[in-house]
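Asks: So for the sequence shown, this note's numbering puts the first residue at 1279; every next one is plus one.
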Amino acid sequence: WAMVATFISTQTLPLQYSIYVGVLLSLAIYLITSTREATVVRLVPAGENQFREEEAPSHLSDGETTILAISGNVFFATLRAIERSLPSPEGAEGAIVILALRGQVEAGTGLFRMLERYARTVRAHKNRLILTEVDPGLLAGLSETGATEAIGPENIFVATPIIGESIHEATRSIER
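#1: For Asn1433, does the count of other Cβ atoms within 10 angstroms reach 16, so buried, or fall short, so exposed?
#2: Along the chain, where does the alpha helix (DSSP H) containing Glu1447 start, and where does it finish?
#3: On the DSSP letters alone, give me the boundaries of the beta strand (DSSP E) that Ala1373 sits inside.
#4: Nearest by alpha-carbon distance to Ala1283: which of Arg1391, Leu1407, Val1299 is it?
#5: Name the DSSP bridge partner or partners of Phe1329?
#6: Going by other Cβ atoms of all chains shown within 10 Å of its Cβ, with 16 needed for buried, is Gln1382 buried or exposed?
#7: Counting contacts by CB-CB distance shorter than 8 Å, is Gly1372 in contact with chain D?
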């Protein structure tokens, strides 16, 4: 659509304005499609070292461990949708949320603030948030923004070359 609109605008507008039309439409289309793609999914163990994706629950359950992952592009326009997709800790006690962040390397301070808010909300209801599959660059950003203190450094597991290894490491730490 952006290409067609740009072509049509070249017939009626000066070229430099047509270029602006094409760029702005392309950006708008990218933002809209990227926003739709970002979701939170539940990871359910399906055999040894395998997980099946399911719809994320809307609420946490007492004493239950819920493994979640952010699927899709994370940037400022998707953060609200992601935050709304995270399960509410209200009414649950002793629940543990394991949030896998594999592949989220280009995150900005918006993601760090969102994770910090969610960690505080989860903790306020006597539950726990654990981050897994955390890229070293993401870990540095969490530390720089102070989100590490809100989450707790013991609740952050760095990604390894083996997909899912830090998720299993986190679940083993819960059982201890």
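In this text, a Cβ means the ideal position worked out from N, Cα and C, and glycines have one as well.
Replies: Considering the structure as presented:
#1: Counted from its first residue, the sequence shown places residue 1433 at position 155. When all chains shown are included, Asn1433 counts as buried.
#2: Taking the sequence shown and counting its residues from 1, the one referred to as residue 1447 is at position 169. Here the alpha helix (DSSP H) through Glu1447 covers 1443-1453.
#3: Numbered from 1 along the sequence shown, position 95 holds the residue referred to as residue 1373. Neither: Ala1373 is in no beta strand (DSSP E) and is coded neither H nor E.
#4: Translated into positions along the sequence shown, residue 1283 becomes position 5. Residue Val1299 is the option with its Cα nearest to Ala1283.
#5: Residue numbering aside, residue 1329 sits at position 51 when the sequence shown is read from its first letter. Within the DSSP bridge table, the entry for Phe1329 names Pro1323 as partners.
#6: In the sequence shown, counting from the first residue as 1, residue 1382 sits at position 104. The residue is buried, with at least 16 neighbouring Cβ atoms inside 10 Å.
#7: Chain labels in this structure do not include chain D; a single protein chain is all it has.
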